[in-house]
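Structure, as structure tokens:
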Amino acid sequence: MEILDTIYFRCRSIVEPHTWDRIVASCPSDKGPKDFPNILLEYLSNLALPRFLPDLAQLEWALYEARISDTEIPPAVDRLCVNPTLGLHRLSWKNLIAVIRSDEDNTSLKPEPGEELVMVWREPHSHEPRVDAASHEDLLVLKMVVEGIDAEEVARIGGLPIAAVDSAVDRSVARGIVLTPRSGIRRDPGSFPVGENTDECFLSCPVFVLQWHVTQACDLNCKHCYDRSKRSPLTLDQGLRVLDDLRSFCRSRYVGGQVTFTGGNPLLYPYFFELYRAASERGFALAILGNPSPREQIEELLKIQRLTHYQVSLEGLPDHNDMMRGPGHFDRTIEFLSILQDLEVPSMVMLTLTKDNIDHVLPLADILHDRTDAFTFNRLSMVGEAANLELPSHDDYKAFLEEYRQAAERNPILGLKDNLFNILLFQKGLPLFGGCTGYGCGAAFNFIALLPDGEAHACRKFPSLIGNIHEQSIGEIYDSELARRYRNGTNACRSCNIRPVCGGCLAVTYSCGLNIFEDRDPYCLM
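As structure tokens, then:
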């Protein structure tokens, strides 16, 4: 029976060929391939076969069944659920998975007597069968999902950080053992029509970011500061409630969460380290947009959790930068970038582009070439102190974008951020990128800005109030009609072919005195 050789390939490789042929030839005609493990069991003593062979055959049959099964994996689900192809198999030998996975003459782990629970399932995307030992974590997650036990309850009973429970669920989802609904952070097809060439990755967001301005306190006095208003920061207890609210929001939308701490200088917030630790305990990815800080402070943070990145700002070559941000700032920043490199913290340098520093960008990029992981820019939003500065002309900016794009092909730290780069790429028939936030303008879409006093804004670069954390949950703020208006952007872009990765910059549009909901970015190249 050739089918037995195919199904039980690993068993066949272990048994002597003439012995295998004898077993196969003696199989009763009324028995099918499924019965083969029991047939092997009958031959254990007579033919001195490895005692683990029947269990190995049971495992191989389970993999074969998973491969040929017509059980469908639903393309979409509305709640966490167990993969319907998943089967649990109780074996009386351990390490048989190593035998399944090994080369014919090389098993890194030898079978040994002992009970082991093994999972076999079909992976949702590739539809290939998978096999793995069921760990205590796997069984806990399966119990949670089947019985509808929430993560908070599991964490309470087990004395675990909630992040540990959430991470266990996420690992099961990543392996395809558990199915999860698609991201609840998705573009509205009414405002972002989906064409045949629209990439899904620009429409559905897997991670939501809270850009949290925890304090207005700052050790700099920048000439282009957007907001120097007096805002009382949240207490630590209020901050902890925000983190719990954010976690609930992200889990309810089936997305990961990131907290990007900024300010002012976030490290000047009196409870920053407590807040950072609490955010880590809730499983968030963590980043900082701040100023150069003492090495010791960064080391303390890293003991709690690694940063996804630390962003600092430079406004041009040394003299111009120090005129904008204060004497000695350029050198302090360069020194701080070295500290981040030494600590293996990914770094990013951001520049606010103005009429006065547009010619500084590429020379500065050459200076930063080996000092940072990424360097990019935002166009100036002429609000707050920045109202005293100017943007470059439309023609100068268009020429700059092309020069920058070409330089980025030579200098790997130059990142494309401004949405308008996509217009250049589209016109040249080149692949598009995600734009400013990975989804064009991400205002009130994949992030919101939370100010020290609890105000929530669609974007920090201009007044765009969408709610207040003291009065509403993050979910209520996000679902509000006002937030929806901001994330839908301007009507002027609605028919544009590259709308999902562009939409211009609402902050620039606002600061130029235009209607952000009706007018297009005045620097649009279309």
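Take the working numbering: the last position of the sequence shown gets the number 828, and nothing is skipped along the way. Built from N, CA and C at the ideal position, the CB exists for glycine as well.
Thinking just about the alpha-carbon of each residue, which of Arg403, Gly618, Ala676, Glu439 is nearest to the one in Asp661? Position 359 of the sequence shown holds residue 661. Selected option, being the one with the closest Cα: Gly618.
Coil, strand or helix - Asn340 by DSSP: Position 38 of the sequence shown, counted from the start, is the residue given in the question as residue 340. Residue state, collapsed to three classes: helix.
Close Cβ partners of Leu691 (< 8 Å) along its chain, the five nearest in sequence each way excluded: Position 389 of the sequence shown, counting from 1, holds the residue named residue 691. Once the five neighbours on either side are set aside, the close Cβ partners of Leu691 are Lys525, His526, Thr656, Lys657, Asp658, Leu682, Met684.
For Glu406, which residues from the same chain have a beta carbon less than 8 Å from its beta carbon, with the 5 sequence-adjacent residues on both sides left out? Residue 406 sits at position 104 when you count from the first residue of the sequence shown. With a pLDDT of 48 at Glu406, under the threshold of 50, the modelled position of this residue cannot be trusted; read the value that follows with caution. The residues are Ser315.
Quick check: the stretch 392–401 against the stretch 502–513, are there 3 or more CB pairs under 8 Å? no
Runs of beta strand (DSSP E) lying entirely within the stretch 530–569, each at least 3 residues, in chain order: 558–564
In terms of residue numbering, what span does the beta strand (DSSP E) encompassing Arg796 cover? Counting from 1 along the sequence shown, the entry for residue 796 is found at position 494. Note, Arg796: premise wrong, no beta strand (DSSP E); not H, not E.
Same chain only: Cβ atoms within 6 Å of Ala580, ignoring 5 sequence neighbours per side: By 1-based counting over the sequence shown, the position of residue 580 is 278. If we look at Ala580 and ignore the five residues flanking it on each side, its Cβ neighbours are Leu542, Leu545.
Would you tell me roughly how many angstroms separate the C-alpha atoms of Arg786 and Gln774, rounded to the nearest one? Position 484 of the sequence shown, counted from the start, is the residue given in the question as residue 786. Position 472 of the sequence shown, counted from the start, is the residue given in the question as residue 774. The alpha-carbon atoms of Arg786 and Gln774 are separated by roughly 16 Å.
Buried or exposed for Leu732, going by 16 or more other Cβ atoms inside 10 Å? Counting from one through the sequence shown, the residue named residue 732 turns up at place 430. Taking all protein chains in view, the Cβ of Leu732 is surrounded by fewer than 16 other Cβ atoms within 10 Å, so the residue is classified as exposed.
Are at least three pairs of beta-carbons, each pair with one atom in the stretch 504–516 and one in the stretch 483–495, less than 8 Å apart? yes
With DSSP run on the structure shown, which of helix, strand or coil describes Pro733? To locate residue 733, count along the sequence shown from 1; it is residue 431. Look at Pro733 here: in three-state DSSP terms it is coil, with no helix or strand label.
So what's Asp781 in DSSP terms, helix, strand or just coil? Counted from its first residue, the sequence shown places residue 781 at position 479. Here Asp781 sits in coil by DSSP.
I'd like the span of the beta strand (DSSP E) that includes Glu711, first residue to last. Numbered from its first residue, the sequence shown carries residue 711 at position 409. Glu711 -> no beta strand (DSSP E), and no H or E assigned at all.
C-beta atoms of Glu455 and Ala435 nearer than 8 Å: Position 153 of the sequence shown, counted from the first residue, corresponds to residue 455. Position 133 of the sequence shown, counted from the first residue, corresponds to residue 435. For Glu455 and Ala435, no; Cβs fall outside 8 Å.
Kindly indicate which three-state DSSP category Glu406 falls into: helix, strand or coil? Residue mapping note: residue 406 aligns to position 104 of the sequence shown, counting from 1. For Glu406, the predicted model reports a pLDDT of 48, less than 50, meaning its position is unreliable; a value from the coordinates is still stated below. The three-state secondary structure of Glu406, taken from DSSP, is coil.
Distance between beta carbons of Ala368 and Val422, contact taken as under 8 Å: On the sequence shown, residue 422 is found 120 positions in, with the first residue counted as 1. On the sequence shown, residue 368 is found 66 positions in, with the first residue counted as 1. Right, their Cβ atoms sit about 5 Å apart.
Using C-beta distances below 8 Å, list every residue in its chain close to Val384, excluding the 5 sequence neighbours before and after it, in chain order. As a working note, residue 384 is residue 82 in the sequence shown. Taken in chain order, the residues that qualify are Leu444, Val447, Val448, Ile479, Val480, Leu481.
Local conformation of Glu374 per DSSP, three classes: As a first step, residue 374 must be located in the sequence shown, where it is residue number 72. Reduced to three states, the DSSP call for Glu374 is coil.
Kindly indicate which residue of Asn340, Ala378, Ala350 has the alpha-carbon position closest to the one of Trp363. For the purposes of this step, residue 363 is taken as residue 61 along the sequence shown, with counting starting at 1. When only C-alpha atoms are compared, the closest one is Asn340.
Measure the C-alpha to C-alpha separation of Asp332 and Ile325 and round it to an integer number of angstroms. Translated into positions along the sequence shown, residue 332 becomes position 30. Translated into positions along the sequence shown, residue 325 becomes position 23. About 15 Å.
With 16 other CB atoms within 10 Å as the buried threshold, where does His772 fall? The residue you call residue 772 lines up with position 470 of the sequence shown. Counting Cβ neighbours within 10 Å, His772 comes out exposed, since fewer than 16 surround it.
C-alpha gap between Val810 and Leu382, whole angstroms: Taking the sequence shown and counting its residues from 1, one reaches residue 810 at position 508. Taking the sequence shown and counting its residues from 1, one reaches residue 382 at position 80. Spanning the two alpha carbons is a distance of roughly 41 Å.
Taking the C-alpha atoms as reference points, what is the distance between Leu388 and Val471? In the sequence shown, counting from the first residue as 1, residue 388 sits at position 86. In the sequence shown, counting from the first residue as 1, residue 471 sits at position 169. Those two C-alpha atoms are separated by around 16 Å.
Is it buried or exposed, His696, if we count other Cβ atoms within 10 angstroms and call 16 or more buried? Counted from its first residue, the sequence shown places residue 696 at position 394. The residue in question, His696, is exposed, as its Cβ has fewer than 16 Cβ neighbours within 10 Å.
If we ignore side chains and look at the alpha-carbon of each, how far apart do Ser474 and Glu783 end up? Walking along the sequence shown from the start, residue 474 turns up at place 172. Walking along the sequence shown from the start, residue 783 turns up at place 481. So the alpha carbons of these two residues sit roughly 35 Å apart.
Who are Asp434's beta bridge partners in DSSP? Here residue 434 corresponds to residue number 132 of the sequence shown, with the count starting at 1. Paired residues: Met421.
Determine the extent of the alpha helix (DSSP H) in which Ala745 is found, giving its start and end residues. By one-based count along the sequence shown, residue 745 stands at place 443. Here Ala745 belongs to no alpha helix (DSSP H), and DSSP marks it neither H nor E.
Would you report the Cα separation of Gly815 and Arg822, rounded to the nearest angstrom? By 1-based counting over the sequence shown, the position of residue 815 is 513. By 1-based counting over the sequence shown, the position of residue 822 is 520. Answer to the nearest angstrom: the Cα atoms are 12 Å apart.
Are the beta-carbon atoms belonging to Trp322 and Asp357 less than 8 Å from one another? The count along the sequence shown starts at 1 and reaches residue 322 at position 20. The count along the sequence shown starts at 1 and reaches residue 357 at position 55. No, they are not a contact pair.
Since I believe Ile725 is in contact with Cys804 (beta carbons under 8 Å), could you give me their beta-carbon distance rounded to a whole number of angstroms? As a working mapping, residue 804 is identified with position 502 in the sequence shown. As a working mapping, residue 725 is identified with position 423 in the sequence shown. Contact flag correct, Cβ pair sits at about 7 Å.
Three-way DSSP call (helix, strand, coil) for Gly492 in this model: Walking along the sequence shown from the start, residue 492 turns up at place 190. In the structure shown, Gly492 sits in coil (DSSP, three-state: anything other than H, G, I, E or B).
Reduced DSSP secondary structure (H/G/I, E/B, other) of Thr811: Residue numbering aside, residue 811 sits at position 509 when the sequence shown is read from its first letter. It is helical.
Which stretch, first to last residue, makes up the beta strand (DSSP E) that contains Gly389? Looking up residue 389 in the sequence shown gives position 87. Element bounds for Gly389: 389–396.
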